[in-house]
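Peer 1: Just so we're aligned: the sequence shown equals residues 26 to 300 in our numbering. Backbone N, C-alpha and C define an ideal beta-carbon position, used for all residues, glycine too. The structure displayed is predicted, hence computed values, not measured ones. Have a look at this one before I ask anything.
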Amino acid sequence: MKRKEYILNGIKLIFLSIVFVLYIFPFFIVLINSFKERKDILINPMMIPSKLNLSNYIEAYTKMDYFHAFVNSLIITVFSVILITVLSSMTAYIFVRKKWKFNQFMFFFMVASMIIPFQGIMIPLVKIYGSIGMMNNKWALIYMYLGFGASLAVFMYHGFIKSIPVELEEAATIDGCSQLQTFFKIVFPLLKPTTITIAILDILWIWNDFLLPYLVLMTPEQRTLPLSVFYFYGTYTIEFGPAMAALMIATIPVIIIYLAMQKQIINGVLQGSIK
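In structure tokens form, the structure reads like this:
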């Protein structure tokens, strides 16, 4: 029996190793090519560079105005995630605790809206918001992310809040808490696993999103990191070396955040799945 388990564990290890290699391989190719000159990339993109050439990184940092683009991405991501988590949790709380028919209708309406693809509404979206002067504005983009991200967040919070005993809120009310204080002091802290899960999904989505910022943000001063990376892809030519370097430095912040918070991320996902 032990021999059989040993063989099965070995097969699992080999399978996971193969999956890991396949997953990390594109990242590895981008990394090694970010240190090469254009001619070396075209000759053999699989070859490991003989020396580390940092000129691509310097050129990418300068041309994409990295710091400015990073700040734009950071502002958009942070404010979008905060608004989505706070407002969606409050909305789901009202939907669960107030048994109004209007609330039931709105909840199912929000859930149903998740099946509508963004590509089906992006042209009317640009036309309507362009006509009222809300294009080329990062705050308008944050407002749009709130609209697109709220449905999934409300759906996830709704299921979690139903598992919270009402007696906890009644005890807080007896102690003199208002409904708003009860939510933020009692309910919202209990939503931490779901909040972490939603925050992870939304950070990855918003930070890496290209299409919506491309439609909304027009001027170079408003560019996010994905839009700045696209700067190196021209109509007839591609600056391969700087483009690879730009991809790497645009990915670094997400990697740092994950490495710094991987324990909290894993615990949040596991607790959210259990609930």
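Look at the alpha carbon of residue 178 and the alpha carbon of residue 60, and state the distance between them as a whole number of angstroms.
Peer 2: Each residue's alpha carbon lies about 40 angstroms from the other.
Peer 1: Can you tell me whether residue 371 is buried or exposed, with buried defined as 16 or more other CB within 10 angstroms of its CB?
Peer 2: Only positions 26 to 300 of the chain appear in this structure, which leaves residue 371 out of reach.
Peer 1: Just tell me which of 41, 44, 33 and 90 has its CA closest to the CA of residue 274.
Peer 2: Of the candidates 41, 44, 33 and 90, the one whose C-alpha sits nearest the C-alpha of residue 274 is 90.
Peer 1: Could you check the C-alpha separation between residue 221 and residue 77 for me, to the nearest Å?
Peer 2: Answer to the nearest angstrom: the Cα atoms are 38 angstroms apart.
Peer 1: Answer yes or no: do residue 182 and residue 114 have a C-beta to C-beta separation smaller than 8 angstroms?
Peer 2: Yes, the pair counts as a contact, with Cβ atoms nearer than the cut-off.
Peer 1: For residue 63, I'd like the list of residues in its chain whose CB is within less than 6 angstroms of its CB, leaving aside the five on either flank, ordered along the chain.
Peer 2: Same-chain partners within the cutoff: 265 and 266.
Peer 1: Would you report the Cα separation of residue 276 and residue 196, rounded to the nearest angstrom?
Peer 2: Going from the Cα of residue 276 to the Cα of residue 196 covers about 46 angstroms.
Peer 1: When you compare each of 227, 144 and 193 to residue 214 by their alpha carbons, which one comes out closest?
Peer 2: Ranking 227, 144 and 193 by Cα distance to residue 214 puts 193 first.
Peer 1: When you compare the stretch 160-180 with the stretch 94-104, are there three or more beta-carbon pairs, one atom per stretch, that lie closer than 8 angstroms?
Peer 2: Yes: at least three Cβ pairs fall under 8 angstroms.
Peer 1: Can you give me the start and stop residues for the alpha helix (DSSP H) that residue 127 sits inside?
Peer 2: Residues 126-138.
Peer 1: Taking contact to mean at least 3 C-beta pairs separated by less than 8 angstroms, is the stretch 222-232 in contact with the stretch 130-140?
Peer 2: The answer is no - the stretch 130-140 does not touch the stretch 222-232, with fewer than three Cβ pairs under 8 angstroms.
Peer 1: Say whether the stretch 84-100 touches the stretch 146-160, bearing in mind that this needs 3 or more beta-carbon pairs closer than 8 angstroms, one atom from each stretch.
Peer 2: No, because fewer than three Cβ pairs between the stretch 84-100 and the stretch 146-160 fall closer than 8 angstroms, the two stretches do not touch.
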